[in-house]
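Q: Pasting a structure here, questions to come.
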Amino acid sequence: MIESAIGWLLAVLAAPQVGLTSVFLVSLISATLVPLGSEPAVFAVVKANPALFWATIGVATVGNTLGGAIDYWMGYQAKQSFARERQSRWFHWLERYGAKTMLLAWLPGIGDPLCTLGGWLHLPFWPSIAYMAVGKFLRYLCMTALLLYVPDGFWRSIAHLLG
1 MIESAIGWLL AVLAAPQVGL TSVFLVSLIS ATLVPLGSEP AVFAVVKANP
51 ALFWATIGVA TVGNTLGGAI DYWMGYQAKQ SFARERQSRW FHWLERYGAK
101 TMLLAWLPGI GDPLCTLGGW LHLPFWPSIA YMAVGKFLRY LCMTALLLYV
151 PDGFWRSIAH LLG
């Protein structure tokens, strides 16, 4: 039953008419603590329709930033549950640099927890969201441009080497 539901969801999200909707949803979900990458969805839509380059980058940035805001909110709400962790060096670093640390929200593996810690520390919300958006926008722009403008033969040779 679960397999058929997942298959149905993937089929719906793969439909060409919902390309930007799919990018938004995948970007939003991947920015939460769920381990999912949004770059393949972004690249697939842009590769299928290059005219949607900027729209896709924008939609992915908005979705991923909203996901970061959800992480921020979860951290804001969870502060009391993990008060003993406050002594770690991460907290001192975040407290020292403040909302600017949210520029690193794009980093794989640590970006999403970083947003959660930002909320936990009650960093200023709107500056944090603005820095998240800038970092995530630059990530999508660089990754998509790299995938589009590096010749396909290069990626095929990398895939061949890996497996």
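Mapping of the sequence shown onto UniProt numbering: position 52 corresponds to residue 52, and the numbering continues sequentially without gaps.
Virtual Cβ for every residue (Gly too), placed ideally from N, Cα, C.
1. Could you pull the start and end residues of the alpha helix (DSSP H) that Thr-101 belongs to?
2. Can you tell me whether Tyr-149 is buried or exposed? The criterion is at least 16 other CB atoms within 10 Å of its CB, across all chains shown.
3. Could you tell me the distance, in whole angstroms, from the CA atom of Trp-126 to the CA atom of Leu-147?
4. If you follow the alpha helix (DSSP H) that Val-59 is part of, which residue opens it and which one closes it?
5. Quick test of your reading: Leu-20 and Val-45, contact by CB under 8 angstroms. State the CB separation rounded to the nearest angstrom.
6. So, for Phe-137: in the same chain, excluding its five sequence neighbours on each side, which residues have a beta-carbon less than 6 angstroms away from its beta-carbon?
7. Check whether the stretch 63 to 75 touches the stretch 100 to 119, counting contact only when three or more Cβ pairs, one atom from each stretch, lie closer than 8 angstroms.
8. Between Leu-141 and the rest of its own chain, which residues show a CB-CB distance below 8 angstroms, the 5 nearest in sequence each way excluded?
9. Express the C-alpha separation of Met-132 and Leu-66 in angstroms, rounding to a whole number.
10. Relative to the C-alpha of Cys-115, which residue among Gly-75, Tyr-97, Leu-25 is closest?
11. Compare the C-alpha of Val-59 against each of Val-34, Gly-37, Ser-27, Ala-31 and name the closest.
12. Is Leu-123 helix, strand or coil by DSSP?
13. Going by DSSP in three states, Thr-32 sits in which element: helix, strand or coil?
A: With the structure as the only source:
1. Where Thr-101 is concerned, there is no enclosing alpha helix (DSSP H), given that its DSSP letter is neither H nor E.
2. exposed
3. 31 angstroms
4. 53 to 78 is the span of the alpha helix (DSSP H), which, as asked, contains Val-59.
5. 7 angstroms
6. Closer than 6 angstroms at the Cβ level, and outside the excluded window around Phe-137, lie Thr-61.
7. yes
8. Excluding positions up to five away in sequence, the list reads Ile-57.
9. 9 angstroms
10. Gly-75
11. Per the C-alpha coordinates, the member of Val-34, Gly-37, Ser-27, Ala-31 positioned closest to Val-59 is Ser-27.
12. coil
13. coil
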